[in-house]
Structures are given as C-alpha cells and as structure tokens.
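To start, the structure under review is shown below, and the notes come after it.
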Amino acid sequence: MLERNTFIILMLLICTFSGFAQRHFNPELFKIQLHKYILEKVQLSNQEKIAFFPIYDQMLNKRRGIFMQLRAIYHTKPVSEQQAKALIAKSDKLEIELKHIEQTYHQQLLRVISARKLCYILKAERHFHRMILKKIAEK
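Read left to right, the sequence shown gives residues 12 to 150 (the numbering used here).
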C-alpha cells in the first residue's frame, strides 16, 4: 500500500513538473504558491516558519532533481531488453534515493516542528499537487 501511494505521489509530482515545464515552469513561483498553501492549511508560529521552510526547500530542490531524472527515464523508449533492464534498475535506484532523501529531511523537520504538524504539511503538499494537476488538466 505504501509503495502504491508513493508511486501515485511520484507520478503526480512528475506530471505536475512536466506540465509546468510545458507552460514555462517557474520553480520560484511554484515554491511561493506551495508555501502559501501550506500556511493556509497548517498553523505555524513565526519561529516554526523560520526554521521549517529553509529545510523544506532544500528537500524540495533535492526531490526535484530526482524527479527530473525519473522523468527522463520514463520518457526513454528502450531499444533492447538490456537497455530496458538498465532503465528499470536506474528508476528503482532513484526511487529508493528519493525515499532516503525524504526520510532524512523528515527527521530534520521533526526537530523544528511537531510530528502532527509535519503530517498535516505533507497532506497539504499532496493536496496542493492534486489541485495543480486539476488546473493543468482544465487548460
């Protein structure tokens, strides 16, 4: 179940980023909108905001790099069985790396905000990405 949810979230994020890329994706604007959405959904004190967002933004940047690599893999059409196996292995490795990045940053974030707030933030982030995908689909 966790793997399925991870895969769904990953695909949503990849689609989000690829959709934005087709419409001149602006990572800074995306980050600002995401921050605003998180703050609307989760009450963070000023001290929590100051401590949380720099760590969170580092995580987003590292994840974005992995998503771009995965996107390139998913758009590659293998010409042989050997290349297909290599693409699958690389994709698996990147997804594991993505989970390690998230786990590491979640541990760091738990030092500056409560676990409960982090859960709400992660939920808000998933909802934000779904909302963006719906907007892209409407265009």
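All C-beta atoms in this analysis are idealised placements derived from N, C-alpha and C, irrespective of residue type, glycine included.
Since the structure is predicted, the reported quantities are computational estimates derived from the model, not experimental observations.
- Per the coordinates, the alpha-carbon of F139 lies some 10 angstroms from the alpha-carbon of H46.
- Taking all protein chains in view, the Cβ of L40 is surrounded by fewer than 16 other Cβ atoms within 10 Å, so the residue is classified as exposed.
- For I61, the three-state secondary structure derived from DSSP is helix.
- The three-state secondary structure of P89, taken from DSSP, is coil.
- Boundaries of the alpha helix (DSSP H) harbouring I132: 126-149, taken from the DSSP string.
- CA-to-CA, the gap between G76 and S102 works out to about 13 angstroms.
- In this structure, DSSP gives N72 a helical state, which the three-state scheme calls helix.
- Looking at the backbone, the Cα of K52 and that of I66 are separated by about 19 angstroms.
- Going by C-alpha positions, R122 is about 10 angstroms away from E59.
- For A62, same chain residues with a beta-carbon under 6 angstroms away, outside a window of 5 residues either side, are V123 in chain order.
- One Cα belongs to Y116, the other to I49, and the distance between them is close to 17 angstroms.
- By the C-beta density criterion, I143 is buried, having at least 16 other C-beta atoms within 10 angstroms.
- Distance from the CA of A148 to the CA of E106, rounded to the nearest whole angstrom, comes to 26 angstroms.
- Between L109 and R74 the beta-carbon gap is near 6 angstroms, inside 8 angstroms, which marks them as a contact.
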